Amino acid sequence: METLSWGEIFVRILIQFIPVWIALIATFALSITFKRRLGLYGKLFDSTIGMTGFALVMFWVFTGILGGGFDMVITHDVLEQSGAMKNKVPGTPYTKMIGDVAENAYPYYLLGGDNLGRDVFSRMIVGAWEVMKIAPFATLFAFMVGITLGLPAGYYGTKLDTFLSFLANLILAFPVILLFYLLVTPEIVATGIPVYMAGVLFIFPIIFLVVLYNSRFFTQPPKRNLYVALTVLIGGWLYLGIAWDADPLGVIGFPPNLLVVFVAVVFVNSPTVFRIVRGLTMDIKSRDYVAAAQTRGEGPWYIMLWEILPNVRGPLIVDFCLRIGYTTILLGTLGFFGLGLSPESPDWGSTINEGRKLLSIYPHPALPPALSLLSLVLGLNLLADGLREESLRD
Amino acid sequence: MGLFILRRLGVMILTALCLTFIVFYLTNLYPNLEKLAKTQGNFRMSDEQVQSYLARNGHMQPMPIKYGQWLGVLPGWTVEVDDGVRGRCVTGTVSAEKIAEAPDFCGVLQGYWGTSTVFRTEVGGIIAERLTLTGILMFWVVVLMVPSALALGVLAGMREGTRTDRSLSTFAIVTTATPEYVSGVILIAVFASSASGLRWFKGTATSAMENPNFENFFLPVLTIALYGMGYIARMTRASMAEVMTAQYIRTARLKGVTFSNIVMRHALRNALIAPFTVIMLQFPWLLNGVVIVETLFNYKGFGWTLVQAASNNDIELLLGVSVVSVFVVLITQLISDIGYVYLNPRISVS
Numbered sequence: 014m015e016t017l018s019w020g021e022i023f024v025r026i027l028i029q030f031i032p033v034w035i036a037l038i039a040t041f042a043l044s045i046t047f048k049r050r051l052g053l054y055g056k057l058f059d060s061t062i063g064m065t066g067f068a069l070v071m072f073w074v075f076t077g078i079l080g081g082g083f084d085m086v087i088t089h090d091v092l093e094q095s096g097a098m099k100n101k102v103p104g105t106p107y108t109k110m111i112g113d114v115a116e117n118a119y120p121y122y123l124l125g126g127d128n129l130g131r132d133v134f135s136r137m138i139v140g141a142w143e144v145m146k147i148a149p150f151a152t153l154f155a156f157m158v159g160i161t162l163g164l165p166a167g168y169y170g171t172k173l174d175t176f177l178s179f180l181a182n183l184i185l186a187f188p189v190i191l192l193f194y195l196l197v198t199p200e201i202v203a204t205g206i207p208v209y210m211a212g213v214l215f216i217f218p219i220i221f222l223v224v225l226y227n228s229r230f231f232t233q234p235p236k237r238n239l240y241v242a243l244t245v246l247i248g249g250w251l252y253l254g255i256a257w258d259a260d261p262l263g264v265i266g267f268p269p270n271l272l273v274v275f276v277a278v279v280f281v282n283s284p285t286v287f288r289i290v291r292g293l294t295m296d297i298k299s300r301d302y303v304a305a306a307q308t309r310g311e312g313p314w315y316i317m318l319w320e321i322l323p324n325v326r327g328p329l330i331v332d333f334c335l336r337i338g339y340t341t342i343l344l345g346t347l348g349f350f351g352l353g354l355s356p357e358s359p360d361w362g363s364t365i366n367e368g369r370k371l372l373s374i375y376p377h378p379a380l381p382p383a384l385s386l387l388s389l390v391l392g393l394n395l396l397a398d399g400l401r402e403e404s405l406r407d
Numbered sequence: 005m006g007l008f009i010l011r012r013l014g015v016m017i018l019t020a021l022c023l024t025f026i027v028f029y030l031t032n033l034y035p036n037l038e039k040l041a042k043t044q045g046n047f048r049m050s051d052e053q054v055q056s057y058l059a060r061n062g063h064m065q066p067m068p069i070k071y072g073q074w075l076g077v078l079p080g081w082t083v084e085v086d087d088g089v090r091g092r093c094v095t096g097t098v099s100a101e102k103i104a105e106a107p108d109f110c111g112v113l114q115g116y117w118g119t120s121t122v123f124r125t126e127v128g129g130i131i132a133e134r135l136t137l138t139g140i141l142m143f144w145v146v147v148l149m150v151p152s153a154l155a156l157g158v159l160a161g162m163r164e165g166t167r168t169d170r171s172l173s174t175f176a177i178v179t180t181a182t183p184e185y186v187s188g189v190i191l192i193a194v195f196a197s198s199a200s201g202l203r204w205f206k207g208t209a210t211s212a213m214e215n216p217n218f219e220n221f222f223l224p225v226l227t228i229a230l231y232g233m234g235y236i237a238r239m240t241r242a243s244m245a246e247v248m249t250a251q252y253i254r255t256a257r258l259k260g261v262t263f264s265n266i267v268m269r270h271a272l273r274n275a276l277i278a279p280f281t282v283i284m285l286q287f288p289w290l291l292n293g294v295v296i297v298e299t300l301f302n303y304k305g306f307g308w309t310l311v312q313a314a315s316n317n318d319i320e321l322l323l324g325v326s327v328v329s330v331f332v333v334l335i336t337q338l339i340s341d342i343g344y345v346y347l348n349p350r351i352s353v354s
């Protein structure tokens, strides 16, 4: 068999992505048909920038889920090595040094092989799944922490604000990479510090939800009790499983090296979210509707969570998109320095790090993950821009 | 104003103390000390040997006391061993008389930064040398980044919504979405690899440490500058666009002032207030970029030293590096606050 030309590689890659194209077209067709009924999300489809961004993001979301979660798009196993395929150029027919190629195996390495003879194309696809597994959730947790602390800091001001702002500035004054090097090492994992940090950081979502329901429904005790009990039960179960690895049912567990990455990323992101929420709250708290709620005799937490928070959702949603992109960059940085994730992990940062050693001779293993990361973060930035434009319009 | 600066300085020193204590605490945790002992001695040390190594080097004291000694507010430790006395303020094992001659306090406040266990020299010297190299890099980054970012932002913001604005803004978004390890890899692959054939620049900057020239230094400088540029350009654009809608610009237009004069004389000065703070606050970010780029291009500056110190748990060097970087962050914040007040008379500090 001969090496494929660039045109053939391109066509074959397009064919491999067919499940993603179908999912994308379905999403867009449905969204555009019903866009008038979908609120802010629907308005996104009025701006070209927002749509481009959304398409890029959803492309990687579907690629990650279908490729990494359901093994659909990938052509080879991400850990399978072939001695005959080391550093081979894109489009090389798949051969093995020892033994025969399995009959139903894909006949080519579409984007070549890396320095261990693994398929670059499949690793790029599964790399998207690695990002999807961590980045959105880490960002969400950072937002929970930032909102739960930022609202009272901005609303009450005084000593609480001074103290929390000092803490936030303290973390922000740390160079991120130094912090990662200090936190994400096997030695620190052995001391158990990341677990304690997870114990502190992961309790915020539960506090947030409990306060949220309690402040709204405390006049209807049956409803309140149901919501709070459900949150504490489910949240507590997840909390024990994820943070302390002490799930009484033994269903939920979290690999320790992934936990430390997760904690580090949440830890780095939450002070910035805190500062944004605090600033927005200070701005909003002098509005008339807040004064009206105060006159009605509403509690401070009701005002913060049900009067102020819904009114700052616009900037927060925009920042959420940008922050997922930043988290993706942070994860890549961790991989680039070989911190936290296992060296065999197919995430983009680690792959770039591995590929850079032979970059001037064989650029093909490092470029696909680099361009993937670039396009995902670019998509998130464009999406945030589109959202900002559309939310400012009304 | 004086009181404001004084208060900021106080907070700054408190922050620096807290941060260095955190770094000190994390690097002095037992598993890290054990790793240090094993890399300094040998990897097959037994637990007792590790213990005795750590005791001989003063690592077994309580954490706050060690921190006080490092800072120079508590007298340095001395340990009696079989063949003499070891102490913080002397190197190696010496006789009891030598210890008596050595100063009691030797910490950062006395100008004693300790000894690096990786490079086997004084930390102060290493940091000064590496910082100079990074200073050269940063200088060229600023020379490239600030003017081009401002030009980009002003060009895009002076006529909002035009095609120039759209394309320049898109370029700015693309650069902010490209972290250094991505743009560096792409730039090397395109401009410095034998595979693409364009061998305009060198893929490493090792030779730039002695003799920086365009060929070996342009790619690292460009890589750092690109990431910061987009953000500054977007801020400048927003501020420029806002100024261009102001009343006095309209008045100038109606008076018949030419467009270039309006931009250069009336708009630019007011439009550049906001980007100034952004540029100052970019420095801490540049520090991250420096670490990545120096690792990628093998330029042995400050960022490279940080990586070496952190991955080998070189405690004193790491502390020195963090003190410097923390002060860079805090001082730029202070300058940006003060500068903002000076540039914008509408803001008062009280």
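Top line first, the protein sequences correspond to chains A and B. Quick note: the first sequence uses this note's numbering, first residue 14, plus one each step. Quick note: the second sequence uses this note's numbering, first residue 5, plus one each step. Every residue gets a Cβ at the ideal spot worked out from N, C-alpha and C, and that includes glycine. Note that the coordinates shown come from a computational prediction; the quantities given were computed from them, not determined experimentally.
According to DSSP, residue 121 of chain A sits in a beta bridge with which residue or residues? The residue labelled residue 121 of chain A in the question sits at position 108 within the first sequence. Residue pairing for residue 121 of chain A: DSSP places it in a beta bridge opposite A:106.
Is it the case that the Cβ atoms of residue 228 of chain A and residue 318 of chain A are separated by a distance below 8 Å? For this step, residue 228 of chain A is matched to residue 215 along the first sequence. For this step, residue 318 of chain A is matched to residue 305 along the first sequence. The answer is yes: Cβ separation under 8 Å.
Let me know the secondary structure DSSP gives residue 108 of chain B once reduced to three states. As a working mapping, residue 108 of chain B is identified with position 104 in the second sequence. Coil at residue 108 of chain B, not helix or strand.
Coarse secondary structure for residue 132 of chain A, derived from DSSP in three states: Here residue 132 of chain A corresponds to residue number 119 of the first sequence, with the count starting at 1. Under the three-state reduction of DSSP output, residue 132 of chain A falls in the strand class.
For residue 48 of chain B, which three-state DSSP category applies? Indexing the second sequence from 1 puts residue 48 of chain B at position 44. Of the three classes helix, strand and coil, the one that applies to residue 48 of chain B here is coil, per DSSP.
Closer than 6 Å by C-beta to residue 3 of chain A: which residues in its own chain qualify, once you throw out the five before and the five after it? Chain order, please. For chain A, the structure presents residues 14 to 407; residue 3 of chain A sits outside this window and is missing.
Could you tell me which uninterrupted alpha helix (DSSP H) segments, each at least 4 residues in length, are contained entirely in the segment 137-191 of chain A, listed from first to last along the chain? If we require 4 residues or more, the alpha helix (DSSP H) runs fully inside the segment 137-191 of chain A come out as 171-185.
Chain A contact for residue 17 of chain B (CB, 8 Å cutoff): Translated into the one-based positions of the second sequence, residue 17 of chain B becomes position 13. No, no contact with chain A.
In or out: residue 381 of chain A buried (at least 16 other Cβ within 10 Å) or exposed? Numbered from 1 along the first sequence, position 368 holds the residue referred to as residue 381 of chain A. Buried, because 16 or more other Cβ atoms sit within 10 Å of the Cβ of residue 381 of chain A.
Can you pull the chain A residues whose beta carbon is under 8 Å from the beta carbon of residue 183 of chain B, in chain order? As a first step, residue 183 of chain B must be located in the second sequence, where it is residue number 179. Within chain A, the residues near residue 183 of chain B are 342, 345, 346, 386 and 390.
Is the beta carbon of residue 111 of chain A closer than 8 Å to that of residue 126 of chain A? Mapped onto the first sequence, residue 126 of chain A falls at position 113. Mapped onto the first sequence, residue 111 of chain A falls at position 98. Between residue 126 of chain A and residue 111 of chain A, the gap from beta carbon to beta carbon reaches 8 Å or more.
Going by the DSSP bridge assignment, what does residue 84 of chain B pair with across the sheet? Sequence index remark: in the second sequence, residue 84 of chain B carries index 80 (1-based). Beta-bridge pairing links residue 84 of chain B to B:89.
Start and end residues, alpha helix (DSSP H) containing residue 184 of chain B: Reading the second sequence from its first residue, position 180 is the one you call residue 184 of chain B. For residue 184 of chain B, the uninterrupted alpha helix (DSSP H) run begins and ends at 184-195, by DSSP.
Roughly how many angstroms lie between the CA atoms of residue 360 of chain A and residue 376 of chain A, to the nearest whole one? Translated into positions along the first sequence, residue 360 of chain A becomes position 347. Translated into positions along the first sequence, residue 376 of chain A becomes position 363. Approximately 17 Å between the Cα atoms of the pair.
Continuous alpha helix (DSSP H) assignments of at least 4 residues falling wholly in the segment 233-319 of chain B: The qualifying runs are 251-259, 272-275, 277-301 and 306-315.
Are the C-beta atoms of residue 107 of chain B and some chain A residue less than 8 Å apart? Taking the first residue of the second sequence as 1, we reach residue 107 of chain B at position 103. Cβ-Cβ to chain A under 8 Å: no for residue 107 of chain B.
Beta-carbon of residue 379 of chain A versus every beta-carbon of chain B: anything under 8 Å? As a first step, residue 379 of chain A must be located in the first sequence, where it is residue number 366. For residue 379 of chain A, the answer is yes, since a Cβ of chain B falls inside 8 Å of its Cβ.
In whole angstroms, what separates the C-alpha of residue 39 of chain B from that of residue 379 of chain A? Taking the first residue of the second sequence as 1, we reach residue 39 of chain B at position 35. Taking the first residue of the first sequence as 1, we reach residue 379 of chain A at position 366. Straight-line Cα distance between these residues: approximately 32 Å.
Listed by chain order, chain A residues near residue 193 of chain B by CB distance under 9 Å: On the second sequence, position 189 is the one that residue 193 of chain B refers to. Under the 9 Å cutoff, chain A gives 372, 373, 376, 377, 379, 380 and 383.
Would you mind listing the alpha helix (DSSP H) stretches within the segment 323-353 of chain A that are 4+ residues and don't spill past its ends, in chain order? The segment 323-353 of chain A contains these whole alpha helix (DSSP H) runs: 326-349.
Could you give the distance in angstroms between the alpha-carbon of residue 24 of chain B and the alpha-carbon of residue 74 of chain B? As a first step, residue 24 of chain B must be located in the second sequence, where it is residue number 20. As a first step, residue 74 of chain B must be located in the second sequence, where it is residue number 70. Going by C-alpha positions, residue 24 of chain B is about 10 Å away from residue 74 of chain B.
Using three-state DSSP, classify residue 119 of chain B as helix, strand or coil. As a first step, residue 119 of chain B is located in the second sequence; it is residue number 115 there, counting from the start. The three-state secondary structure of residue 119 of chain B, taken from DSSP, is strand.
Specify whether the segment 131-147 of chain B and the segment 323-336 of chain B touch according to this definition: at least 3 beta carbon pairs, one from each stretch, less than 8 Å apart. Judged by Cβ distances under 8 Å, the segment 131-147 of chain B makes contact with the segment 323-336 of chain B, as three or more pairs qualify.
Provide the residue span of the alpha helix (DSSP H) that contains residue 320 of chain A, from first to last. Along the first sequence, one-based indexing puts residue 320 of chain A at 307. From DSSP, residue 320 of chain A is part of no alpha helix (DSSP H); its letter is neither H nor E.
Using a beta-carbon distance cut-off of less than 9 Å, what residues from the segment 302-326 of chain B approach chain A? For chain A, the residues of the segment 302-326 of chain B that bring a beta carbon within less than 9 Å of one of its beta carbons are 307, 310, 311, 313, 314, 315, 317, 322, 325 and 326, in chain order.
Cβ distance (whole Å) where residue 238 of chain B is taken to contact residue 176 of chain B below 8 Å: Taking the first residue of the second sequence as 1, we reach residue 238 of chain B at position 234. Taking the first residue of the second sequence as 1, we reach residue 176 of chain B at position 172. Rounded, the Cβ-Cβ distance is 5 Å, consistent with contact.
Give me the subset of the segment 171-192 of chain A whose CB atoms are less than 7 Å from a CB atom of chain B, sorted by chain position. If you check each beta-carbon in the segment 171-192 of chain A against every beta-carbon of chain B, the ones closer than 7 Å belong to 182, 183, 186, 187, 188, 189, 190 and 191.
Contact list for residue 296 of chain A against chain B, beta-carbon separation under 9 Å: Locating residue 296 of chain A in the first sequence gives position 283, counting from the first residue. Those do not exist, as residue 296 of chain A stays about 16 Å from chain B at its closest Cβ, beyond 9 Å.
Closer than 7 Å by C-beta to residue 278 of chain B: which residues in its own chain qualify, once you throw out the five before and the five after it? Chain order, please. Counted from its first residue, the second sequence places residue 278 of chain B at position 274. Same-chain partners within the cutoff: 239 and 243.
Is there a C-beta anywhere in chain B that falls below 8 Å from the one on residue 100 of chain A? Sequence index remark: in the first sequence, residue 100 of chain A carries index 87 (1-based). Put simply, the CB of residue 100 of chain A is far from chain B, with every gap to its CB atoms at 8 Å or more.
In whole angstroms, what separates the C-alpha of residue 149 of chain B from that of residue 119 of chain A? Counting from one through the second sequence, the residue named residue 149 of chain B turns up at place 145. Counting from one through the first sequence, the residue named residue 119 of chain A turns up at place 106. Between residue 149 of chain B and residue 119 of chain A, the C-alpha separation is close to 47 Å.
Exposure of residue 107 of chain A, with buried meaning 16 or more beta-carbon neighbours within 10 Å: Along the first sequence, one-based indexing puts residue 107 of chain A at 94. Classification for residue 107 of chain A: buried.
Between B:321, B:98 and B:241, which lies nearest to residue 282 of chain B when the distance is taken from Cα to Cα? As a working note, residue 282 of chain B is residue 278 in the second sequence. Checking every option, the nearest Cα to that of residue 282 of chain B belongs to B:241.
Members of the segment 324-345 of chain B that neighbour chain A once the beta carbon cut-off is set at 7 Å: Sequence-ordered contacts of the segment 324-345 of chain B with chain A read 326, 329, 330, 333 and 334 [C-beta pairs closer than 7 Å].
With DSSP run on the structure shown, which of helix, strand or coil describes residue 408 of chain A? In the structure displayed, chain A extends from 14 to 407; residue 408 of chain A sits before or after that span and is not available.
Can you confirm whether the segment 54-64 of chain A touches the segment 391-406 of chain A when touching is taken to mean that 3 or more C-beta pairs between the two stretches lie within less than 8 Å? With a cut-off of 8 Å, the segment 54-64 of chain A and the segment 391-406 of chain A count as touching, because enough Cβ pairs lie within range.
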